[in-house]
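Since the structure comes first, as structure tokens, the remarks are kept for the end.
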Amino acid sequence: MFIVKEKKRVKISQMKSFAVAFQGIWTLIRNERNFRFHLLVAVAVITAGFFFNVEKTEWLTIFLCIGLVLSMETLNTSIEYICDLISPEHHPVVKKIKDVSAAAVLLVSIIAVIVGCIIFIPYLLDFFISQS
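Count along the sequence shown from 1, then add 2; that gives the number in our numbering.
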């Protein structure tokens, strides 16, 4: 009997964890312009993937890049929120923390763009060559 109750508590706890995580995603979508931009780019890339009928390994790479960029943007936003809470006024160290955190997003985004070019440029070339 005790075990059954414990399993129910774990499931409820897990469901609450998912609800909190989805609330975090909703907060990002509502409040963070950069997250919305990355989400829009992700939708465009996924649409292009369907249009060009990319291969399975290319899909895996695309979704890995999307996940990395969105996750990094999420971490960057979290760091910015913490910094703003700890030091609402300008502080040079807080600025460095925010700059380095933003740099992480930029680096992952640059790599994602490079990967996107490697995947999509051959499809684009084939598309435009076949149209002429």
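Cβ atoms here follow ideal geometry from the backbone N, Cα and C, with glycine treated the same way. Small disclaimer: the values here were computed from a predicted structure and weren't measured.
Exercise. Are the Cβ atoms of Glu75 and Asn36 separated by less than 9 Å?
Worked result: Sequence index remark: in the sequence shown, residue 75 carries index 73 (1-based). Sequence index remark: in the sequence shown, residue 36 carries index 34 (1-based). Contact flag set, yes.
For this session: Would you mind working out which of Leu127, Glu82, Phe122 sits nearest Val56, comparing C-alpha positions?
Result: Counting from one through the sequence shown, the residue named residue 56 turns up at place 54. Out of Leu127, Glu82, Phe122, Phe122 has the C-alpha closest to the C-alpha of Val56.
Problem set entry | Beta-carbon spacing of Ala50, Tyr125 below 9 Å | Along the sequence shown, read from residue 1 onward, the residue named residue 50 stands at position 48. Along the sequence shown, read from residue 1 onward, the residue named residue 125 stands at position 123. Yes, the pair counts as a contact, with Cβ atoms nearer than the cut-off.
Exercise. Within 10 angstroms of its Cβ, does Leu77 collect 16 or more other Cβ (buried), or is it exposed?
Worked result: Taking the first residue of the sequence shown as 1, we reach residue 77 at position 75. The residue in question, Leu77, is exposed, as its Cβ has fewer than 16 Cβ neighbours within 10 Å.
Exercise. Grouping DSSP H, G and I as helix and E and B as strand, with all else coil, what is His40?
Worked result: One-based indexing of the sequence shown puts residue 40 at position 38. If DSSP states are grouped into helix, strand and coil, His40 belongs with the helices.
Exercise. Helix, strand or coil: how does DSSP classify Met3 here?
Worked result: Counting from one through the sequence shown, the residue named residue 3 turns up at place 1. Below a pLDDT of 50, predicted positions are generally treated as unreliable, and Met3, at 48, falls in that range; no measurement from the model is reported.
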